[in-house]
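Student: Just dropping this structure here.
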Amino acid sequence: MHKFGYNVDRDSKGTVFYQKYYIDIRLHIYRQFGVDISLTASYQNRELEVVLKVSEDISIVRRYAIDTKLDLSASHLYSVIVTSDEYMLLKGTRVSDHVELYYKNEPQDVSININSSFRTNRHEDVTITEVNSKYFIVFNKAKIDKLATKNWYHVL
Amino acid sequence: MIAKSIKHSFLHKKSSGKVETDNSLRIYPLPATYMRRIDGGFPMFYVKNDVINYYARDKGIMKYNLISLYDYKSNQYDIIVTDYPYSFSDKSGEDMVLVRTPNNKYYIDGIVKEYQNFEDALIVLNVESGSLLYACRAHLRGTVNRVWHSMPIANSFIIVLTTSPKEIAVYVVDLINGKVDKLTMT
Chain W
0 MHKFGYNVDR DSKGTVFYQK YYIDIRLHIY RQFGVDISLT ASYQNRELEV
50 VLKVSEDISI VRRYAIDTKL DLSASHLYSV IVTSDEYMLL KGTRVSDHVE
100 LYYKNEPQDV SININSSFRT NRHEDVTITE VNSKYFIVFN KAKIDKLATK
150 NWYHVL
Chain D
0 MIAKSIKHSF LHKKSSGKVE TDNSLRIYPL PATYMRRIDG GFPMFYVKND
50 VINYYARDKG IMKYNLISLY DYKSNQYDII VTDYPYSFSD KSGEDMVLVR
100 TPNNKYYIDG IVKEYQNFED ALIVLNVESG SLLYACRAHL RGTVNRVWHS
150 MPIANSFIIV LTTSPKEIAV YVVDLINGKV DKLTMT
């Protein structure tokens, strides 16, 4: 029995997939060990903490820090097509016909076939991605907010 | 201004052997990307920043492969060369994740049907050096059972949880420093 629990506090600032990350996996392995274990991993402020725990008394904790000299914004996950709030579309690097939809960092059980309906159009500050007739529209909020006049259009 | 057409390489001989257009880059919304395989050579043309770029390889270095690094956010891309037998059109296994770390290293992360002595394995591979940073077979009886692996965290770490008859292990793959740390309970 595997229990996977995800709780993600993430901002979609851009180039880094997770600014903040928390995952809690609880795993019951009864055949080999007859124990419940838990794995928690959290990333925040350039530090990853990993805790492997078998019981209240037995646990291993490790911390991994990213050198402050490194610029995280120089990194990039090429699979990210578009992010919006808690949604994210991922596409692998192969010529497969599959796109994954993540919600709150959890892959959704939906079938997205890019051969039948996948299109992305990019304008200066707006990206529109169409997947199976659903639209993901991401725009530069800072620039939109600065506009003195806003005209809103609804496209049906 | 982007040129609307480009002249074929002088290596191109219409009547000699196989000429094959590679569709691999059509998955990206790049209108001017062009790739063609020719006997004894593999010239590739692509447009970047309104400049036509040219890459060629001959039989002597056919072991090398090209990986396109397309950035959906900026609509920019680069090409890197690797000796990893990478193929865009290989539909076996899972889609690969391609990540650039904060210190400018490029890694592929994903499950492959076969690589070196590994079958149905999760691999984390530095595509520039070709060095295998981590590999784990999946779901083989009596050996290691790969339970879960994360997406790249902060483009810097990948976590893998495995079990075997002897131990429970967590691997923290440090992409920045090229190291793997193992947390284990036996």
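So the sequences go chain by chain: W and D.
So for the first sequence, numbering that gives the first Met the number 0 puts the first residue at 0; every next one is plus one.
So for the second sequence, numbering that gives the first Met the number 0 puts the first residue at 0; every next one is plus one.
For each residue, glycine too, the CB sits at the ideal point set by N, CA and C.
Quick one: give me the first and last residue of the beta strand (DSSP E) that residue 136 (chain D) is part of.
Tutor: What you label residue 136 (chain D) is simply residue 137 of the second sequence in a count that begins at 1. Counting along the chain, the beta strand (DSSP E) containing residue 136 (chain D) begins and ends at 131 to 136.
Student: For residue 162 (chain D), which residues of its own chain have a beta-carbon under 7 Å away from its beta-carbon, when the five flanking residues on both sides are left out?
Tutor: Mapped onto the second sequence, residue 162 (chain D) falls at position 163. Excluding positions up to five away in sequence, the list reads 144 and 146.
Student: Any C-beta of chain W sitting closer than 9 Å to the C-beta of residue 153 (chain D)?
Tutor: The residue given as residue 153 (chain D) occupies position 154 in the second sequence. Closer than 9 Å to some Cβ of chain W, the Cβ of residue 153 (chain D) qualifies, so yes.
Student: Could you please give me the residues that DSSP links to residue 58 (chain W) through a beta bridge?
Tutor: Here residue 58 (chain W) is taken as the residue at index 59 of the first sequence, counted from 1. Answer is W:52.
Student: Residues in the same chain with beta-carbon distance under 7 Å from residue 165 (chain D), minus the five sequence neighbours each way, listed in chain order, please.
Tutor: Here residue 165 (chain D) is taken as the residue at index 166 of the second sequence, counted from 1. Closer than 7 Å at Cβ, skipping near neighbours: 185.
Student: State the CB to CB distance for the pair residue 118 (chain D) and residue 136 (chain D), rounded to an integer number of angstroms; the pair is presumed to be in contact (CB under 8 Å).
Tutor: Numbered from its first residue, the second sequence carries residue 118 (chain D) at position 119. Numbered from its first residue, the second sequence carries residue 136 (chain D) at position 137. Right, the Cβ-Cβ distance comes to about 7 Å (below 8 Å), so this counts as a contact.
Student: Should residue 70 (chain W) go down as buried or exposed, given a rule of 16 or more other Cβ atoms within 10 Å for buried?
Tutor: Taking the first residue of the first sequence as 1, we reach residue 70 (chain W) at position 71. Exposed.
Student: Which residue wins for smallest C-alpha separation from residue 170 (chain D), given the options W:66, W:62 and W:76?
Tutor: Along the second sequence, read from residue 1 onward, the residue named residue 170 (chain D) stands at position 171. The candidate whose alpha carbon is nearest that of residue 170 (chain D) is W:62.
Student: For the beta strand (DSSP E) that contains residue 177 (chain D), what are its first and last residues?
Tutor: Position 178 of the second sequence, counted from the first residue, corresponds to residue 177 (chain D). Unbroken run through residue 177 (chain D): none, as it is neither H nor E.
Student: Only counting runs of 3 or more residues, tell me where the beta strand (DSSP E) segments fall wholly within the stretch 95 to 166 of chain D, in order along the chain.
Tutor: 96 to 99, 105 to 114, 117 to 125, 131 to 136, 144 to 148 and 156 to 162
Student: Out of W:78, W:47, W:57 and W:66, point me to the one whose CA is closest to residue 35 (chain W)'s CA.
Tutor: One-based indexing of the first sequence puts residue 35 (chain W) at position 36. Nearest option by C-alpha distance: W:57.
Student: Would you tell me roughly how many angstroms separate the C-alpha atoms of residue 122 (chain D) and residue 55 (chain W), rounded to the nearest one?
Tutor: Walking along the second sequence from the start, residue 122 (chain D) turns up at place 123. Walking along the first sequence from the start, residue 55 (chain W) turns up at place 56. Going by the C-alpha atoms only, they are around 33 Å apart.
Student: According to DSSP, simplified to helix, strand and coil, what is residue 74 (chain W)?
Tutor: Mapped onto the first sequence, residue 74 (chain W) falls at position 75. It is coil, neither helix nor strand.
Student: Please classify residue 59 (chain W): is it buried, with 16 or more other beta-carbons within 10 angstroms of its beta-carbon, or exposed?
Tutor: On the first sequence, position 60 is the one that residue 59 (chain W) refers to. By the neighbour-count rule (16 or more Cβ atoms within 10 Å), residue 59 (chain W) is not buried but exposed.
Student: Please confirm whether residue 125 (chain D) has its beta-carbon closer than 9 Å to some beta-carbon of chain W.
Tutor: Taking the second sequence and counting its residues from 1, one reaches residue 125 (chain D) at position 126. By this cut-off, residue 125 (chain D) is not an interface position.
Student: Tell me the DSSP secondary structure of residue 168 (chain D) in three-state form.
Tutor: Here residue 168 (chain D) corresponds to residue number 169 of the second sequence, with the count starting at 1. Strand.
Student: Roughly how many angstroms separate the alpha carbons of residue 172 (chain D) and residue 149 (chain D), rounded to a whole number?
Tutor: Working through the second sequence from its first residue, we reach residue 172 (chain D) at position 173. Working through the second sequence from its first residue, we reach residue 149 (chain D) at position 150. Rounded to whole angstroms, residue 172 (chain D) to residue 149 (chain D) spans 10 Å at the Cα level.
Student: According to a CB-to-CB cut-off of less than 7 Å, which residues of the stretch 61 to 76 of chain W neighbour chain D?
Tutor: 61, 63, 65, 69, 70, 71, 73, 74, 75 and 76
Student: Please list, in chain order, all residues of the same chain as residue 102 (chain D) whose beta carbon is under 6 Å from its beta carbon, the five residues on each side excluded.
Tutor: Mapped onto the second sequence, residue 102 (chain D) falls at position 103. Excluding positions up to five away in sequence, the list reads 175.
Student: Find the residues of chain W that neighbour residue 149 (chain D), judging by a C-beta separation of less than 8 Å, and give them in chain order.
Tutor: Translated into positions along the second sequence, residue 149 (chain D) becomes position 150. By Cβ distance, chain W contributes 22 and 40.
Student: What are the partner residues of residue 69 (chain W), as DSSP defines its beta bridges?
Tutor: For this step, residue 69 (chain W) is matched to residue 70 along the first sequence. Answer by DSSP bridge pairing: none, since residue 69 (chain W) is not bridged.
Student: Would DSSP call residue 45 (chain W) helix, strand or coil?
Tutor: For the purposes of this step, residue 45 (chain W) is identified with residue 46 of the first sequence, where counting begins at 1. Residue 45 (chain W): coil per DSSP, three-state reduction.
Student: For the putative contact between residue 49 (chain W) and residue 182 (chain D), defined by C-beta atoms under 8 Å, what is the C-beta separation to the nearest angstrom?
Tutor: Here residue 49 (chain W) refers to the residue found at position 50 of the first sequence. Here residue 182 (chain D) refers to the residue found at position 183 of the second sequence. Contact flag correct, Cβ pair sits at about 7 Å.
Student: Would you mind telling me which residues of chain W sit closer than 8 Å to residue 156 (chain D), beta carbon to beta carbon, in chain order?
Tutor: Position 157 of the second sequence, counted from the start, is the residue given in the question as residue 156 (chain D). Near residue 156 (chain D) (Cβ distances below 8 Å), the residues of chain W are 42, 47 and 63.
Student: Count the other C-beta atoms from every protein chain shown that fall within 10 angstroms of the C-beta of residue 130 (chain D), then say buried if there are 16 or more, exposed otherwise.
Tutor: One-based indexing of the second sequence puts residue 130 (chain D) at position 131. Residue 130 (chain D) should be labelled exposed.
Student: Which of the three DSSP states, helix, strand or coil, is assigned to residue 81 (chain D)?
Tutor: Your numbering for residue 81 (chain D) matches position 82 in the second sequence. Here residue 81 (chain D) sits in strand by DSSP.
Student: For residue 79 (chain D), would you say it is in contact with chain W, using Cβ-to-Cβ distances shorter than 9 Å as the test?
Tutor: Here the question's residue 79 (chain D) lines up with position 80 in the second sequence. Answer no: the Cβ-Cβ gap between residue 79 (chain D) and chain W never drops below 9 Å.
Student: Determine, for residue 89 (chain W), whether the minimum Cβ-Cβ distance to residues of chain D falls below 9 Å.
Tutor: For the purposes of this step, residue 89 (chain W) is taken as the residue at position 90 of the first sequence. Answer yes: the Cβ-Cβ gap between residue 89 (chain W) and chain D drops below 9 Å somewhere.
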